[in-house]
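Peer 1: Numbered per the numbering used here, the sequence shown spans residues 873 to 1334. Take a look at the following structure, please.
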Amino acid sequence: MDSNKKTLFDKVWDAHVVDTVPDGPQIIYIDKHLIHEVTSPQAFAELESRNLKLFRPEQVVATADHNVPTLNQELPIRDELSRNQIQQLTENCKKNNIELFGLGHQYQGIVHIIAPELGVTQPGMSIVCGDSHTSTHGAFGAIAFGIGTSQVAQVFASQCLLLNKPKSMRITVNGKLNPNVQPKDVILYIISKIGTDAGTGYFCEYAGQVFEEMSMEGRMTVCNMSIEMGARGGMIAPDETTFEYVKGKQFAPKGEGWEEKLEYWKTLPTEPDAVFDKEYTFNASDIQPMITYGTNPGMGISMYDSIPVPQNESEEKALRYMGLRAGQFPSDIKVNYVFIGSCTNARIEDFRSAAQYIKGKKKSEHIKALIVPGSQLVVKQIYEEGLDKIFTEAGFQIRQPGCSACLAMNDDKIPEGEYCVSTSNRNFEGRQGQGARTILASPLTAAKVAIEGKIPAFGSLN
């Protein structure tokens, strides 16, 4: 091992250092600043109160996603708080010359879905957003992380941030995945093994055959949930899969600009023998389709295993909240809701895999199943590919783009005490509504639950 060899993270970080405070933090330049209606109003207000101008409006991309209703988006928003936040975002963007993909815009959608699919997200970039799941964009070999409201204001004013460089971690998964194991299962498995704080203070690079063979959608799902193991962000080295995905996108470089960028992007992967501060290695064959049974994403098991005995008071409390007991099999849980959506799993590939399984089947009568595309572009693809017919004939309801039932900030809440199998990223208490009980899973597992009416037992479904 050679400490002079650079990791992917080192290369991208070092390329963005503007200045270094002696024995202290560094000033990092930010290439893209993504904003939405929830964490930007206070930052805009701070600029105004200090009589500062927004430094580089062309580096900012805005959308409406967290608070938007997913039905009747063409009508005025009924909820006053949501309506005011969307209105405030519209006014702030207009005042500061920021392009806004608001309701009714052809590119509107969840912030972490629209930036990649439009080619805004590119390898080697530094990307921030006032949202923890900004780590999604690391799938492209970018340094991407969530920031707080005061930092949003900092970026508005200077296009820079004062930061301490995080440590580096690598998670390697080699081998062949089992049938029906999706990228969501891979990351849920990793978090169940290393815990929700193993990544604290680190930027994590995912390496090995499993990630090299993943589609960009799959890589985004994995990087999206890096934050759930405490990491500052997650990254995957850019390769031909990355370049093919970005090429030709709306805001991707074109012509000579593309060739120049490509040449640079190819230099980014970690050098052989580079040293990481922490390493984990897993075998793909050990991973089965996963679900969570508690109130943090680390409380995960194979959906064929029984719920383990709690090891501490917080795990006991989680089981009480979930209304579950040790030794119980997931197939015994009375599920009434299924949600396929969120910035983790609302891309076209997620809906294709669900539709492929659902085709020709009918959902269970007692299940309410929501399909919530991540963007207007995903909606377009769903209809062009005829997936809408598969979903509606099976009894699923297709909604309009937004964060939806991932978090209780809009109308799509799960009732108290009900179980929802969800493709989102967090299963905290009250995350999907007060008293709601969230079980995280992959799009394929969620589709199976909707059809079967329960979490499948081992061998019951192919």
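For every residue, glycine included, the Cβ atom is placed at its ideal position computed from N, Cα and C.
Hey, Ile1062 and Phe1148: beta-carbon distance below 8 Å or not?
Peer 2: Counted from its first residue, the sequence shown places residue 1062 at position 190. Counted from its first residue, the sequence shown places residue 1148 at position 276. Not a contact, by the Cβ cut-off of 8 Å.
Peer 1: Spatial neighbours of Lys1037 within its chain, please: C-beta separation below 7 Å, excluding the five flanking residues on both sides.
Peer 2: Within the sequence shown, the letter at position 165 stands for residue 1037. The residues are Trp885 and Gln898.
Peer 1: So if DSSP puts Val1118 in a beta bridge, which residue, or which two residues, is it bridged to?
Peer 2: Counted from its first residue, the sequence shown places residue 1118 at position 246. Val1118 pairs with nothing; no bridge assigned.
Peer 1: Spatial neighbours of Ala1313 within its chain, please: C-beta separation below 6 Å, excluding the five flanking residues on both sides.
Peer 2: Taking the sequence shown and counting its residues from 1, one reaches residue 1313 at position 441. Cβ within range, chain order: Ile1163 and Val1293.
Peer 1: Can you look up Phe1075 in the DSSP assignment and give me helix, strand or coil?
Peer 2: Along the sequence shown, read from residue 1 onward, the residue named residue 1075 stands at position 203. In the structure shown, Phe1075 sits in a strand (DSSP, three-state: E or B).
Peer 1: Taking the alpha-carbon of Asp1284 as reference, which of Trp1130, Ala1190, Thr1068 and Ala1308 has the nearest alpha-carbon?
Peer 2: Locating residue 1284 in the sequence shown gives position 412, where the first residue counts as 1. Cα-wise, what sits closest to Asp1284 is Ala1308.
Peer 1: Does Lys883 come out as helix, strand or coil in the three-state DSSP assignment?
Peer 2: The count along the sequence shown starts at 1 and reaches residue 883 at position 11. Lys883 falls in the helix class under three-state DSSP.
Peer 1: For Glu889, which residues of its own chain have a beta-carbon under 6 Å away from its beta-carbon, when the five flanking residues on both sides are left out?
Peer 2: In the sequence shown, residue 889 corresponds to position 17, counting from 1. One point to set straight first is that residue 889 is Val, not Glu, in the sequence displayed. So the qualifying residues of the chain are Gln898.
Peer 1: Using the Cα positions of Glu1301 and Ala1280, report the straight-line distance between them to the nearest angstrom.
Peer 2: As a first step, residue 1301 is located in the sequence shown; it is residue number 429 there, counting from the start. As a first step, residue 1280 is located in the sequence shown; it is residue number 408 there, counting from the start. Distance between the alpha carbons of Glu1301 and Ala1280 is about 11 Å.
Peer 1: Determine the burial state of Arg1197: buried for a count of at least 16 other Cβ atoms within 10 Å of its Cβ, exposed for fewer.
Peer 2: On the sequence shown, residue 1197 is found 325 positions in, with the first residue counted as 1. Arg1197 is exposed by the Cβ-count criterion.
Peer 1: Taking the DSSP output, what are the residues bridged to Cys1292?
Peer 2: As a first step, residue 1292 is located in the sequence shown; it is residue number 420 there, counting from the start. DSSP output for Cys1292 lists Tyr1209 and Thr1310 as bridge partner(s).
Peer 1: What is the rounded straight-line gap between the Cα of Val1118 and the Cα of Arg1091?
Peer 2: By 1-based counting over the sequence shown, the position of residue 1118 is 246. By 1-based counting over the sequence shown, the position of residue 1091 is 219. Cα to Cα, Val1118 sits roughly 14 Å from Arg1091.
Peer 1: Is the region 1140-1147 touching the region 1095-1112, taking contact as three or more C-beta pairs under 8 Å?
Peer 2: Contact holds: three or more Cβ-Cβ distances are below 8 Å.
Peer 1: Per DSSP, which residues does Leu906 bridge with? Please list them.
Peer 2: As a working mapping, residue 906 is identified with position 34 in the sequence shown. Its beta-bridge partners are Val933 and Cys1001.
Peer 1: Looking only at its own chain, which residues have a Cβ that is under 6 Å from the Cβ of Lys1039, when we skip the five neighbours before and after it?
Peer 2: Taking the first residue of the sequence shown as 1, we reach residue 1039 at position 167. For Lys1039, where only same-chain residues beyond five positions count, the Cβ hits under 6 Å are Gly1073, Tyr1074 and Asp1149.
Peer 1: Any heavy atom of the ligand SAH closer than 7 Å to the CB of Ala1218?
Peer 2: Of ligands this structure carries none, so the ligand SAH is not represented either.
Peer 1: Helix or strand or just coil, what does DSSP make of Phe1300?
Peer 2: The residue given as residue 1300 occupies position 428 in the sequence shown. Three-state result, Phe1300: coil.
Peer 1: Which two residues bound the contiguous beta strand (DSSP E) that contains Ile1327?
Peer 2: Walking along the sequence shown from the start, residue 1327 turns up at place 455. Per DSSP, Ile1327 belongs to no beta strand (DSSP E) and is neither H nor E.
Peer 1: So, Ala987 versus Cys965, is the Cβ gap smaller than 8 Å?
Peer 2: The residue you call residue 987 lines up with position 115 of the sequence shown. The residue you call residue 965 lines up with position 93 of the sequence shown. Taking 8 Å as the Cβ cut-off, Ala987 and Cys965 do not qualify as a contacting pair.
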